[in-house]
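> This is the structure I want to talk about, given as structure tokens.
Residue numbers (the working numbering), protein chains in the order written: chain A, 1 to 178; chain B, 1001 to 1288.
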């Protein structure tokens, strides 16, 4: 069985669970619990361990999606999840600048742990007060052109598939040069 | 779309870094919010103009008369003299008056220093909101003709900052390390402490460790590291440590990574075949 493992990471409310739930062929195995801390101001339920979704590509080939918990106190899960991932996506909420510092920390953590292909997906770009992608890139410390940052609507299947396609193409490219 | 937020969510220092790195032009409106426990505290507006990431003017009103007032208050020129000699509409007022021999270079420096001082004081304010608008005309009448990189203003402000409360969440964690960014070189003069901290930016010593080795309070090391991060010289990174062997992690991650606990550190994930990737690309294309 061949499995491509993609980790979806990001701060609370960036759309990780929605991203996975939207395209998974199985009911997403989630570990959402009712938020009882400051997270509850952003969303009622939050992921505390991971989300898991799957897409079967062929009888012996499947794509697995793992969503990390967004809260800082579950940071230990990042390492567990990224270690065996083939690629990852960092989702960043465009209309909550307060999440940018944390998103930058996640990004630095991941870059320190692994050199696998990655993309940054900016969500909630249609919200009022949403920051522009270029400004988000600067706030994340992404100044090099080798990091792809793009808009994604986690509620829209097409948008999610486009992002995954871009990631897989990047992965295929990295295989050519490895 | 404009850039807007509150000091608590995105600090003025981080915003200045963004403006500097993005070489942005426009007007930043800062509205300070009154402190609840201070009867004298009140809400005020400030306006800072940038050109290509450089501060070119700062005022507390949008009257277009702030620089004129500063000049007349110092008795360097009368309003009549200023209006008679400020003939060029698309030139900074200060520069125009210097060309006409009304103001000296030293006087222009002092006027600009006054504007910078006004900005520095904003960094001490704990409650406020901001909005950056890039679609605003250049305020020729408030400009001296001098400019300073936004990041230099941040360094000047943060080196003498007394109250770091509003920046507490932005400061790097004492248990994390800093890693220098390849090919980055200081483009602004660093203080001796900043140099010393930068020398530890190899990602293998925690900030607490740096504080111990330099015999400095941890807060000073966190603050110096923060300035180096803003300058684009280093990044905050977690210390690489050996993770505990996980024999029986959560059921889901067992399902996901069945051999996780037995994997050696830095072991690469299993590559998938090119045929699988081709299938996957075809599958995803069919969905878009």
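Every residue gets a Cβ at the ideal spot worked out from N, C-alpha and C, and that includes glycine.
Tell me which residues of the stretch 129-151 of chain A have at least one Cβ-Cβ distance to chain B shorter than 8 Å, keeping chain order.
Here the close residues are 129, 130, 131, 132, 134, 135, 138, 139, 141 and 143.
> Along the stretch 88-99 of chain A, what residues have a CB closer than 7 Å to any CB found in chain B?
97 and 98
> Mind listing the chain B neighbours of residue 86 of chain A? Cutoff is C-beta to C-beta under 9 Å, in chain order.
1269, 1270, 1271 and 1272
> Based on the DSSP secondary-structure assignment, which residues constitute the bridge partners of residue 122 of chain A?
A:92 and A:151
> Given residue 1104 of chain B, which residues of its chain have a CB within under 8 Å of its CB, disregarding the five upstream and five downstream residues?
1098
> Please confirm whether residue 1237 of chain B has its beta-carbon closer than 8 Å to some beta-carbon of chain A.
yes
> Determine the burial state of residue 1194 of chain B: buried for a count of at least 16 other Cβ atoms within 10 Å of its Cβ, exposed for fewer.
buried
> How long is the line joining the alpha carbons of residue 1182 of chain B and residue 1221 of chain B, rounded to whole angstroms?
The straight-line gap from Cα to Cα measures roughly 21 Å.
> Run through chain B and tell me which residues come within less than 7 Å of residue 58 of chain A, C-beta to C-beta.
The answer, in chain order, is 1279.
> If you draw a straight line from the alpha carbon of residue 1118 of chain B to that of residue 1210 of chain B, how long is it in whole angstroms?
34 Å
> From residue 1041 of chain B to residue 63 of chain A, what distance separates their C-alpha atoms?
One C-alpha to the other measures close to 57 Å.
> First and last residue of the alpha helix (DSSP H) that includes residue 952 of chain B?
Absent from the structure is residue 952 of chain B, since the part of chain B shown begins at 1001 and ends at 1288.
> Can you pull the chain A neighbours of residue 1283 of chain B, defined as C-beta to C-beta under 7 Å?
57
> Provide the residue(s) that pair with residue 1131 of chain B in DSSP beta bridges, ordered along the chain.
B:1004 and B:1029
> Residue range of the alpha helix (DSSP H) that residue 1154 of chain B falls in?
1150-1159
> Can you tell which of A:52, A:127 and A:10 has its C-alpha closest to the C-alpha of residue 26 of chain A?
A:52
> Nearest CA to the CA of residue 1188 of chain B: which residue from B:1123, B:1044 and B:1153?
B:1153
> DSSP three-state label for residue 99 of chain A, please.
The three-state secondary structure of residue 99 of chain A, taken from DSSP, is helix.
> Mind listing which residues of the stretch 1115-1143 of chain B have their C-beta closer than 8 Å to chain A's C-betas, in chain order?
Those residues of the stretch 1115-1143 of chain B that come within reach of chain A (Cβ to Cβ, closer than 8 Å) do not exist; the list is empty.
> Say whether chain A places a C-beta atom closer than 8 Å to the C-beta of residue 1028 of chain B.
no
> Looking at the unbroken alpha helix (DSSP H) that takes in residue 1084 of chain B, where does it start and where does it end?
1079-1085
> Can you give me the C-alpha to C-alpha distance between residue 135 of chain A and residue 67 of chain A, rounded to a whole angstrom?
25 Å
> Helix or strand or just coil, what does DSSP make of residue 1265 of chain B?
For residue 1265 of chain B, the predicted model reports a pLDDT of 47, less than 50, meaning its position is unreliable and no value from the coordinates is stated.
> Closer than 8 Å is the cut-off here; do at least three beta carbon pairs connect the stretch 1124-1135 of chain B with the stretch 1070-1084 of chain B?
no
> Of all the residues that make up the stretch 1194-1220 of chain B, which are near chain A by a beta-carbon distance shorter than 8 Å?
1203
> Would you say residue 19 of chain A lies against chain B (beta-carbon separation less than 8 Å)?
no
> With a cut-off of 8 Å, does the C-beta of residue 154 of chain A fall near any C-beta of chain B?
no
> What number of angstroms, rounded off, separates the C-alpha of residue 12 of chain A from the C-alpha of residue 94 of chain A?
Counting only the Cα atoms, residue 94 of chain A lies some 12 Å from residue 12 of chain A.
> Pull the bridge partners of residue 51 of chain A from the DSSP assignment, please.
A:67
> If you run the structure through DSSP and keep just helix, strand and coil, what is residue 1235 of chain B?
strand
> Quick check on DSSP: helix, strand or coil for residue 12 of chain A?
Residue 12 of chain A falls in the coil class under three-state DSSP.
> Just checking: is the beta-carbon of residue 197 of chain A within a distance shorter than 8 Å of some beta-carbon in chain B?
There is no way to answer for residue 197 of chain A, as the model of chain A reaches only from 1 to 178.
> From residue 154 of chain A to residue 3 of chain A, what distance separates their C-alpha atoms?
23 Å
> Can you have a look at residue 1150 of chain B and say buried or exposed, based on whether 16 or more other CB atoms are within 10 angstroms of its CB?
buried
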